[in-house]
Amino acid sequence: MTSQAGESRVTPGLAVSFENVVKDFGTVRVLHGISFDLEPGKVYGLLGENGAGKSTLMKILGGYQPQTSGVLRINGRPVSFSSSRDAEAEGVVLIHQEFNLADDLSISDNIFLGHEKKRGFLLDNAAMHAEAGRVLRKVGLTVDPAVKISRLIVAEKQLVEIAKALARNARLLIMDEPTATLTPSETSRLFRLIEEMRADGVTIIYISHKLDEVERITDEVIVLRDGRFVGRSQTRDITRRQMANMMIGREVTDLFPERAPVPQETAPIFRVTDFTVPGWAEKLSFEVRPGEILGFAGLVGAGRTELFEGILGLRKASGKVEIAGKPVVFRSPRAAADHGLTYLSEDRKGKGLHIDFTLRENLTLMALKRYVRPLLDPAAEQRALEEAVKEYGIRTGSLRNKASALSGGNQQKLALAKVLHPEPKVVVLDEPTRGVDIGAKRDIYFLIARLAAQGLAVIVISSELLELIGLAHRVVVMRAGRFSAEVDGAHLTEQDLIAHATGTANVDA
Amino acid sequence: MSTPEPSRSDANEAVRPRETGHASWQERIQSYGPLAGLILLCLVGTWLNSDFATPDNLLNVLTRTAFIGIIAVGMCFVIISGGIDLSVGSMAALIAGCVIMLINWAGAAIGSPLLAVLLGAAAAILLGAFLGMIHGLLITRGRIEPFIVTLGTLGIYRAYLTYFSGGGAITLDNALADLYAPVYYGYFLGIPIPVWVFLCVAVAGGVILNRTAFGRYVQAIGSNEQVARYAAVDVDGVKLKTYALLGACVGVATLLYVPRLGSASPTTGLLWELEAIAAVIVGGTALKGGAGSIAGTVIGAILLSVISNILNLTSIISVYLNAAVQGFVIIAVALLQRSRRT
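Top line first, the protein sequences correspond to chains V and R.
Residue 89 is where the first sequence starts when you use our numbering, and the numbers rise one by one after that.
Residue 16 is where the second sequence starts when you use our numbering, and the numbers rise one by one after that.
This is the structure:
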């Protein structure tokens, strides 16, 4: 393959056909003979709940796993990729939901990892730097390509993954939840990029749980359920509700619960005054009452996550924090938990759950003291797990499973159960439905509402504005380390929030 | 253009096991690997030399394993938490030297040899825990890699011992040595004292690792330190305690070792750190931390000393190649365990 020949040449997209593709993991069949065709140069939405088999099918296409049986054809030719490198040589590039980036290498090193440009025996760093800069500009990331990956936040890593695919001259690009961490403006930029690539003839497979996005950018949707092909349709002929019904196999009732009123007379349980996290947040003040759901909206890099990391003692910070009227200083999440504040990270695998631990060990980790008598009591822990599985609707084959055996949505429910297990008074949920399917999302929304109704103060940080509009009593919008607005539930609209987040609103905050 | 027809099924209630769901039997087999290796080795030993399987020889092997085994139990905690300690051999030497000097001085000053020895015993464990705590502080508060901290103290401890001993040996006074000797040479219920101590330390280690909050935190930190930190685990405190615990284990091991020779010299405890680390690794604990077991570590320690015992008893392979055979075993074990890390 002379894929280096490059940009001037018109590179037609790839046609793909799956013929009766089956995938077994051990004795478990996860793909039951899937067949469908994709035409070149179109944008396809691949829909399905977590566990429907989307990711497995795409890993087969991307060369990460072989199929058990069945045929995969590219441009009519049967292919069998033994590695992602093989697939990339054909022009098939898969952007993972979980990032494949080496933290200690620079952006540019990562973009060219395994495909380094060389001059003789030596690496041609200047050329790679320049090319990396070009693709980064295309995806709208204004960071020096020499910066290390470890210094980037999640959304920026996602953009680097996309830039990496661009640099590989993809002719079939598979994106798995690319906007899960992106904010509206970044998402729009990504969509423009997808438009450009389609105009160039690249075939795109777009996996997302955000049906509004699927509606906006895809030509056709293909739906999988439980490892089977369920149906396909031109996007313009189908409504979002129909898509959701196809995915779930039943009617979706309203996604959001009723908003319960907040008792007005109660004093704030959590108050933050003039809180500063150098470089991220500037003299911010806010408060939450018991039973209230406070939303934090804003673009990526607005400092929302960093503000709370500062409050938890994970970053250098200054300011006043009070819980139940008493001033407190948290040096670590440990101290915060002791005072009744727990935090669910946006980064489930990196900071939220021990993937190699059992469900039980994950659930009780934050409240382990409760099971000390003086040795740990695994039987009591197991009973707590049984209750949590029921209460949070965690679907698992066996209660002795490791967390890695759960689907994304169920992992997220487990992570929620874990931060709520110490029975906090205030809980901060950072992107609580990131990468979660509609069914699980709805479960999580109802759970949050129920907890608030029981008197828990909930702070939800989210890049999905609809989520905040549907769930929160009040939303504060953060922009560049400051609050640009505070909007109460009755006046919440998507346009308003976007305007405040991007700084295009003419309203004084 | 086909019209979608939402089919009705409750199939989404079904269980969806993943690739990782059924890996547990593999892991279980691998966890028995060290034990199977040890049994195999014992069979070979019995076949090669009839003296191998005698109670005397087996107790001898266990007694010799005790020092490294006790240190390895402590090392197991440090390694599972994602750390490492290279200094334990030097630390043992320094503790041995200090304890002998203390006992000699106390024997003369207090007049009660028994009290002097008891004082020395307490001092050995406290000094070990103290030195371990210094490691822990440098690693957590000072934010220095454990490898570097303990590489530094490896040199420091041994140099101080050499300085205290003037390059020669620090020797226990004869009268005191006689009183102290049973700690190494004595028996209780027909089993040598060091073996009892080894057993106690191992059982305590197993209980602490598997049945206490501290043990769970150690595994959580080694499995993913960030997740543990966000889960309100006192990461620094737990790490500090693992090093202090290892230091205390070194102290206990030294206590057993001192009466054996009655002296400490610059060669005391040489390369113990590598033997202890090897025992932990051979026992199935991943060097990167997260998962491991005390039972495996104990078996690993015994396995390594059985190898040298067999070489001593037979003439098939030269005794001089002892370290080489152990090295081959370590690499072979690593090869066998490779699959579960991918």
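Built from N, CA and C at the ideal position, the CB exists for glycine as well.
Treat the numbers as computed from the prediction; the structure is a model and nothing was measured.
When the cut-off is 7 Å and only beta carbons count, does V:His-184 lie next to chain R?
At a cut-off of 7 Å between C-beta atoms, V:His-184 does not count as an interface residue with respect to chain R.
Is it the case that the Cβ atoms of V:Gly-446 and V:Lys-490 are separated by a distance below 7 Å?
Reading the sequence as shown, one finds Thr at residue 446 of chain V and not Gly. Yes, they are a contact pair.
Which same chain residues, not among the five before or five after V:Ser-238, have their C-beta less than 6 Å away from its C-beta?
If we look at V:Ser-238 and ignore the five residues flanking it on each side, its Cβ neighbours are Asp-191.
I want to see whether chain R comes within less than 7 Å of V:Pro-421, judged by CB atoms only; does it?
Answer yes: the Cβ-Cβ gap between V:Pro-421 and chain R drops below 7 Å somewhere.
Between R:Arg-328 and R:Asn-75, how many whole angstroms is the CB-CB distance? I'm expecting something under 8 Å.
First, the amino acid is wrong: residue 328 of chain R is Leu here, not Arg. About 11 Å separates the beta carbons of R:Leu-328 and R:Asn-75, which is beyond the 8 Å limit, so they are not a contact pair.
Please go through the same chain and pick out, in chain order, the residues whose beta-carbon is closer than 7 Å to the beta-carbon of V:Asp-300, but skip the five residues on each side of it.
Contacts found: Arg-328.
Can you list, in chain order, the stretches of the beta strand (DSSP E) that have 3 or more residues and sit fully within the segment 516 to 549 of chain V?
Taken in chain order, the whole beta strand (DSSP E) runs of length 3 or more contained in the segment 516 to 549 of chain V are 545 to 549.
Interface partners of R:Arg-156 on chain V, CB under 9 Å:
The contacting residues do not exist; R:Arg-156 stays about 12 Å from chain V at best.
Per DSSP, cross-strand counterpart(s) of R:Ile-206:
Beta-bridge annotation (DSSP): R:Ile-206 is paired with R:Phe-203.
Looking at the secondary structure, which residues open and close the beta strand (DSSP E) in which V:Asp-576 lies?
Boundaries of the beta strand (DSSP E) harbouring V:Asp-576: 570 to 576, taken from the DSSP string.
From V:Gly-496 to V:Glu-107, what distance separates their C-alpha atoms?
One alpha carbon belongs to V:Gly-496, the other to V:Glu-107, and they sit about 27 Å apart.
Going by DSSP, which residues form a beta bridge with R:Ala-279?
In the DSSP output, where bridge partners are listed per residue, R:Ala-279 has R:Ile-185.
Test: V:Ala-190 CB closer than 7 Å to a CB of chain R:
Taking Cβ atoms only, chain R never reaches closer than 7 Å to V:Ala-190, which makes this a no.
Sheet register partners of V:Pro-166 (DSSP bridge)
V:Arg-161.
In the DSSP assignment, find the unbroken beta strand (DSSP E) run with V:Arg-117 in it and report its ends.
Where V:Arg-117 is concerned, the enclosing beta strand (DSSP E) starts and stops at 116 to 126.
Output, in chain order, the set of chain V residues within a Cβ distance shorter than 7 Å of R:Thr-227.
R:Thr-227 reaches chain V at Leu-463, Leu-464, counting residues in chain order whose Cβ is nearer than 7 Å.
Proximal residues to R:Pro-49 (C-beta, below 7 Å), its chain only, five neighbours per side dropped:
Within the same chain, R:Pro-49 has close Cβ partners Val-297, Gly-298, Gly-299, Gly-311, Ile-314, Gly-315, Leu-318.
Taking R:Thr-177 as part of the alpha helix (DSSP H), name the residues at either end of that continuous run.
Going by DSSP, R:Thr-177 is part of the alpha helix (DSSP H) stretching over 161 to 179.
Buried or exposed by the 16-neighbour rule on C-beta atoms within 10 Å, applied to V:Phe-384
Its Cβ being crowded by 16 or more others within 10 Å, V:Phe-384 is buried.
R:Asn-327 at chain B interface by Cβ criterion, 7 Å:
The structure shown has no chain B; the protein chains it does contain are V and R.
Beta-bridge pairing of R:Gln-341 - partner residues as DSSP gives them:
Answer is none; R:Gln-341 lacks a bridge partner.
Three or more C-beta pairs closer than 8 Å, one from the segment 308 to 315 of chain V and one from the segment 274 to 287 of chain V: is that the case here?
Not touching, per the Cβ criterion.
Are the C-beta of V:Met-146 and some C-beta of chain R separated by less than 7 Å?
Not one chain R Cβ lies under 7 Å of V:Met-146.
Starting from the beta carbon of V:Ala-425, find every residue of chain R whose beta carbon is closer than 8 Å, and list them in chain order.
Result: Ala-247.
Chain R contact for V:Asp-531 (CB, 7 Å cutoff):
Not an interface residue.
Straight-line gap, V:Ala-573 to V:Val-350 (C-alpha atoms, nearest Å)
One alpha carbon belongs to V:Ala-573, the other to V:Val-350, and they sit about 20 Å apart.
Just the Cα atoms here: how many angstroms apart are V:Leu-240 and R:Gly-181?
Here the alpha carbon of V:Leu-240 sits roughly 55 Å from the alpha carbon of R:Gly-181.
Beta carbons nearer than 9 Å to chain V: which residues of the segment 214 to 245 of chain R have them?
Listed in sequence order: Val-222, Asn-225, Arg-226, Thr-227, Ala-228, Gly-230, Arg-231, Tyr-232, Gln-234, Ala-235, Ser-238, Asn-239, Gln-241, Val-242, Ala-243, Arg-244, Tyr-245.
Could you have a look at V:Ser-194 and say whether DSSP puts it in helix, strand or coil?
Under the three-state reduction of DSSP, V:Ser-194 is assigned to strand.
Does V:Gly-389 come within less than 7 Å of chain R when only Cβ atoms are used?
With 7 Å as the cut-off, V:Gly-389 does not count as an interface residue toward chain R.
Beta-carbon spacing of V:Leu-102, V:Leu-261 below 7 Å:
Taking 7 Å as the cut-off, the beta carbon of V:Leu-102 is found no closer than this to the beta carbon of V:Leu-261.
Assign V:Gly-141 to one of three DSSP states: helix, strand, or coil.
Looking at V:Gly-141 - three-state DSSP - the assignment turns out to be coil, as it is neither helix nor strand.
Go ahead and pull the three-state DSSP assignment for V:Ala-597.
In this predicted model, V:Ala-597 has a pLDDT of only 37, less than 50, meaning its place in the structure is not dependable enough to derive any value.
DSSP three-state assignment for R:Tyr-232, whether helix, strand or coil:
Collapsing the DSSP output to three states places R:Tyr-232 in a helix.
Could you have a look at V:Thr-350 and say whether DSSP puts it in helix, strand or coil?
In the sequence as displayed, the identity of residue 350 of chain V is Val instead of Thr. If DSSP states are grouped into helix, strand and coil, V:Val-350 belongs with coil.
From the DSSP output, read off the bridge partner residues of V:Ala-385.
Its beta-bridge partners are V:Val-565.
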